[in-house]
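Remarks on the structure that follows.
Chains as they are written, first to last, in my numbering: chain A, 1 to 365; chain B, 1 to 365; chain C, 1 to 365; chain D, 1 to 365.
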């Protein structure tokens, strides 16, 4: 399989490139009876799209979604839902630089090595444009999770360069807090600092990395499978499918390296309504790869944008030394637009495992 | 699918619990013609097994593998290879503690939440014993990668608690260096410190976390798929399938959060024999999710062993407060035995993607 | 998985209904470098579309395909190919009959039983309209098979009601012969009889069944997998995915029931160029589920169209007795339009197994 | 994927050859809580095994199954169930004939063409011995279907050579009727004729084909998926995975070719308890690929055994003319032992689709 499908019971398959006719996703397995229209998809698409604020790329792409199938009289039918997002900006421009040179940090060289050729217009299939339909599919998954399972997913930026804004109670962060600032950091003061830093980087023709945190609350204990399809494994894969992600961690994350067992173990206790909970959540909401009922908390390290307006050294396809400067309009920091993509991927994994566990439980003999 | 299979073209399916009759793996898709016998599997099984040194658990499990199928006249036939590792130590003991109480940090509670019941003997399917057959399958993958593709995989411990032993040239680390010390750290001086720390922790009835680094060298550019089956995504999933892993990162990893694009981008240049390489390897060997030809370097954060001989607070299945102390013999630090497991999972992913790329290339029109 | 994907390495996923916005297919895994444009898809779409001749339904649907992705500068890139066929005829009409009554022989009742509701316009997802994008994908598979593997696939009608037109040399039948007559029977005299019978049935407001035979020639020995993914198993599944198919057989088919081993066994001998062949082809081109190098010959039994203009007894959704007569324009015999659908499904299976065997062989150690 | 797995939610993976150490199946996805022991598997294994009666092969293979995992305190745990059947009769004999010659009707030539070599002892992976573990897995599926869903599966022989024993009410046939005679025909008089014919064929060193019918009763309406995973498609594939099957048909089967729509359509009416049923069952229990609630009825054409004690012409691996006579003990007619294999495959498909529909329904929003 060429790797353009994701999920088992709630399964998405995508196609499309940066400068082709458009991007398509087929969502196979969404249960029947869910109210759904394009209006459910647009908010997250707007959070992902270029040109949404001053600190992201100024390209203008409306990213309007059309539902082609699977919905009848306002409800899903149980048959596959296809969503099409046409590319608007397909005008011909001069791609000779990208065509014959390898941009540092991009997939130009590796695509050529893989396929022998590539669609070099705007990165082709390796463009972040491909994530638009994932966000559309994620919006469907989010709605299913919210309405059927009471699960809420929220992402926010906790670090841009040296500016760190840790969150004490991830499950308490609201969409309003996150959307109050274009950088999508839940701490308004830190958000202002981050914005200033990003603007400075842009003026210096440079870019900056950061960290995003995603929290899923309301997930009951029991989602995830014991061995290869551990929830942490599928979520980890999901995060690493996103461009620019170089690290993923849960709960205490890399911090566990210096911890003792007595420091790290989360003690079980009786919570609200007699429910079994842990007093702390260093485990990040999963034990043995299966959800514990505590909030699922994960963080992604996102590298600084590779495309830079300033000159960088590289080689041509023939291997000769040259320089390249990226002329397009690019994000000086990927984090603000990364948030809806990451939320979408978390939603796709959780919708899938929600269905797998529902299937498993409905069949208990 | 209940999640006990992994891989597409080189695909493993496992079964088995800690105290059942045994563990089994079926390797489906291994090419025909590979010389193979049980002797190829035993070295890695010996590196994984309990009782191998003073700093690991002192349980005695020989972990002897039997190849049941798929090999004829000393060579693989292209049909599935089943490997059986019988459990030796199945004697009945008193499991009443584990049966009725939830061990902190373990999957006891989440298994009950998922299945409504569980095989509580030694953790059942959530036991690390399940990884024995993964290591056997990984040994087959390693041999295929080495003999057919010239790929070498090596893992080593770079951190135990506060003791850090970074490696400058991951691709230069040898198996001999790693196996020279029971802690599997390539720096002998640091290794001694780590061993002392681990022994101290054991005497204090506590445990300690750490970090393992795995390097795959010799991987040509072009392995991995563009979107969902990015090599970094499949490797990331693979690592998170292993017990106790709370973080995974590649190359510069979480360090990218504070980097600028100009600092982070790896410059392409002409290497040995005219091959295109990057001057540095902050990207960790993959760009756009596809291998770049540079060494693949990843790190896993491994939590301290949850099982502790000292008393810990917890609850019973009924939700009542109690305490538990684990009476079995446990590893005071998981890292030494984690290395062969991690190498095995890396090998399974790479063998799969080696085959996928071979398939893709063999079909270029 | 909800069953809208087919194939492993050459994998298609479809979406769409009869009266939604359109039908989409994503072809994942087509190798890079294949010349491809919409012009390659249209001929088979024209062979499948309604209104193509006097003996099929007179609905007018142009079935124009748009390639949305995966092709650059006239060649496939190795990334997924999405094809969209918009539905033209979506005007609102009176569906109250279909909505509240169960058409005999149709999926109305079973869809309701499955999903609790259904898109009743024109059969929704159960409409043969869904096969349009399969034919588009099949055209891509056919081109790959022809250009890369030298495989040719041809289908033709061998029976309509009592009129039987057996073919002695399936591999010798040409597209020209088949397309010479609207009924797609390779025997011109029998074709005329069939056409007359179909026209008579139409005038009697009735329909008629028949048999189609598909032959794939040029398939080398070695395609197919030994156990579950036998070539005959995957082809059999493929045929049964098509509407109205109630039987599938290979070579001597059901005729083997009365044969002795000495009558049925095909003797191996040396053929042209020293190649090993069988003197006869009662086995239909596969032995042990793997292609033998002999032409693959299969036959499908296709039931008479269930939709009839005359009144038929049935029940309402509430289970009350009623009658129904289908007012739309329907095929009095499905066979002529079945041929391109069946060829497409055969092509999808063979392209997949061609790639699987190429992968397997490229990896022989 | 190399094709040794089958099913989505109830998924089996097999390994093993005729003369290796044994055959293994891993059943992944069986729900937790099903009472299960080896005693549940043995009856069907006994119905499949050689040496069970005078009219089958006289090889003695006890086929004793060992459950290695997935069962605890007498119940399934929801984790994978591995079953091992050791091969008893692995003594070395003279295989030089099979090794260097291609047996007509067997997979010897096609395996060599595929893999470049093969395990020639007793047919290796292409041996019917491989079906032993399928029968074991099928017994688990049958128990799940019976206890959880009220589904009963029964197979019987309806034709051996020219002797035809059609069954009017497939759902009424009992296991007792079938097992009353070694030929597994439900009509005692016809059974006697069949036995005589088979004994005659054996004495003539020849073999004979036949037809088996399988009926699944109690399947509710709604199982199966609309497009590629139609129930008839998955059942069709399942049947064609069995050795020697050259044709599969449902309900009226190939008989539909000569039928008119008015003759073939099954009229909906109100049945017992107000349930919607059809007056007749020419559709064989599925409409649009989804179960209709009527009994599922399918028939398989099984070719005469290819192995014959008398001399047959063939070629050597080098392509030179030679003759071969099979010295082993073979079934003069495959049908009696085919019945449990076919029932098992039907059970595997139905268990899978039962779970898929349960999942779908449990999630209706």
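Cβ atoms here follow ideal geometry from the backbone N, Cα and C, with glycine treated the same way.
Closer than 8 Å to chain D by CB, residue i
i, result
"residue 334 of chain C", "no"
"residue 39 of chain A", "no"
"residue 53 of chain B", "no"
"residue 179 of chain A", "no"
"residue 206 of chain C", "yes"
"residue 273 of chain C", "no"
"residue 294 of chain A", "no"
Beta-carbon neighbours of residue i, restricted to chain A and to distances below 9 Å
i, result
"residue 31 of chain B", "What residue 31 of chain B touches in chain A: nothing, since even the nearest Cβ is about 18 Å away."
Own chain, CB closer than 6 Å to residue i, minus 5 neighbours either side, in chain order
i, result
"residue 137 of chain C", "12, 25 and 27"
"residue 187 of chain A", "165"
"residue 218 of chain D", "150, 151 and 152"
"residue 49 of chain C", "61 and 63"
Within chain D, partners of residue i - CB distance below 8 Å
i, result
"residue 102 of chain C", "268 and 276"
"residue 367 of chain B", "Lying outside 1 to 365, the shown extent of chain B, residue 367 of chain B is not represented and no answer is given."
Residues that residue i contacts on chain B, provided the C-beta gap is smaller than 7 Å
i, result
"residue 157 of chain D", "Those within 7 Å of residue 157 of chain D in chain B number zero; the least Cβ separation is about 31 Å."
8 Å Cβ cut-off: residues of chain F touching residue i
i, result
"residue 111 of chain C", "Going by chain labels, chain F is absent from the structure shown, which instead holds the protein chains A, B, C and D."
is_contact[residue i, chain A] using C-beta, thresh 8 Å
i, result
"residue 119 of chain C", "yes"
"residue 359 of chain D", "yes"
"residue 148 of chain D", "yes"
"residue 264 of chain B", "yes"
Helix, strand or coil at residue i according to DSSP, with G and I counted as helix
i, result
"residue 291 of chain B", "strand"
"residue 312 of chain A", "strand"
"residue 149 of chain D", "helix"
"residue 230 of chain A", "coil"
"residue 84 of chain B", "strand"
"residue 23 of chain B", "strand"
"residue 271 of chain D", "coil"
Below-8 Å beta-carbon distance, residue i vs any chain B residue
i, result
"residue 283 of chain A", "yes"
"residue 298 of chain C", "no"
"residue 11 of chain A", "no"
"residue 364 of chain C", "yes"
"residue 308 of chain A", "yes"
"residue 4 of chain A", "yes"
"residue 229 of chain D", "no"
"residue 183 of chain A", "no"
Amino acids of chain C, ordered along the chain, whose beta-carbon sits closer than 9 Å to that of residue i
i, result
"residue 64 of chain A", "The premise fails here: residue 64 of chain A is roughly 14 Å from chain C at the closest Cβ pair, so nothing lies under 9 Å."
8 Å Cβ cutoff, residue i in contact with chain C
i, result
"residue 34 of chain B", "yes"
"residue 234 of chain D", "yes"
"residue 322 of chain A", "no"
"residue 78 of chain B", "yes"
"residue 327 of chain D", "no"
Close Cβ partners of residue i (< 8 Å) along its chain, the five nearest in sequence each way excluded
i, result
"residue 198 of chain B", "55, 160, 183, 208, 332 and 333"
Within chain A, the residues that residue i reaches when beta carbons sit closer than 7 Å
i, result
"residue 317 of chain C", "Per Cβ cutoff of 7 Å: no residues; residue 317 of chain C is ~15 Å from chain A at best."
Amino acids of chain B, ordered along the chain, whose beta-carbon sits closer than 8 Å to that of residue i
i, result
"residue 114 of chain C", "Those do not exist, as residue 114 of chain C stays about 21 Å from chain B at its closest Cβ, beyond 8 Å."
Within chain C, partners of residue i - CB distance below 8 Å
i, result
"residue 15 of chain A", "26, 28, 68, 69, 70, 79, 80, 81 and 82"
What ranges does the beta strand (DSSP E) occupy inside the segment 99-140 of chain D, keeping only unbroken runs of at least 3 residues that lie completely in it?
For the segment 99-140 of chain D, not a single whole beta strand (DSSP E) run of length 3 or above is found.
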